[in-house]
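Participant: Be aware that the sequence shown starts at 1, since it is given in UniProt numbering, and climbs by one per residue.
Virtual Cβ for every residue (Gly too), placed ideally from N, Cα, C.
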Amino acid sequence: MDAPTLLTATEVQGQATYGMANLRSKTTGLPFVVFISQKAGARHDARVKVSDGPRVQPDQMGSYQVRPFRHTDGPRLDPADEARLQAWVDLNRDVLISYWNGQIEFTEDAIELLKPV
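#1: Measure the Cβ-Cβ separation of Val117 and Ala87 and say whether it is below 8 angstroms.
#2: With Ala21 as the anchor, note down where its beta strand (DSSP E) starts and where it stops.
#3: What number of angstroms, rounded off, separates the C-alpha of Val56 from the C-alpha of Ile104?
#4: Would you mind stating whether Leu91 and Lys115 have Cβ atoms separated by less than 8 angstroms?
#5: What is the C-beta distance between Asp66 and Asp45, in whole angstroms, given that I count them as a contact (C-beta under 8 angstroms)?
#6: Indicate the three-state DSSP secondary structure (helix, strand or coil) for Ile111 in the structure shown.
#7: Run through DSSP, which three-state label would residue 118 get?
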């Protein structure tokens, strides 16, 4: 399994600075890149971000809340891809939340637990 790429995001729309790991289609089964992170001081609940590719500016990422699933910020996926993302989030919600809360400390451990759609 390839190691994730870590990005450091600067403050975006009131969010705290944090590192995100990008997950390729091979890991998620989705036709776009999903970014996961730990809470690291963010004032919102668990979220994932999405983009067409791994090299993207933070303001070019679509943001989706994990519970309940909904679009929160940035570019929105088309309805079919949004449904695919929701299916993936539903399948992996416990892992995403545990990683967000720091109960899963290492990105590699979270990736091993994630299931593709």
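Facilitator: According to the data block:
#1: yes
#2: Tyr18 to Leu23
#3: 26 angstroms
#4: yes
#5: In the sequence on display, residue 66 carries Val and not Asp. Between Asp45 and Val66 the Cβ distance is about 7 angstroms, and since that is below 8 angstroms, they are a contact.
#6: helix
#7: This structure cannot speak to residue 118, because the chain is shown only from 1 to 117.
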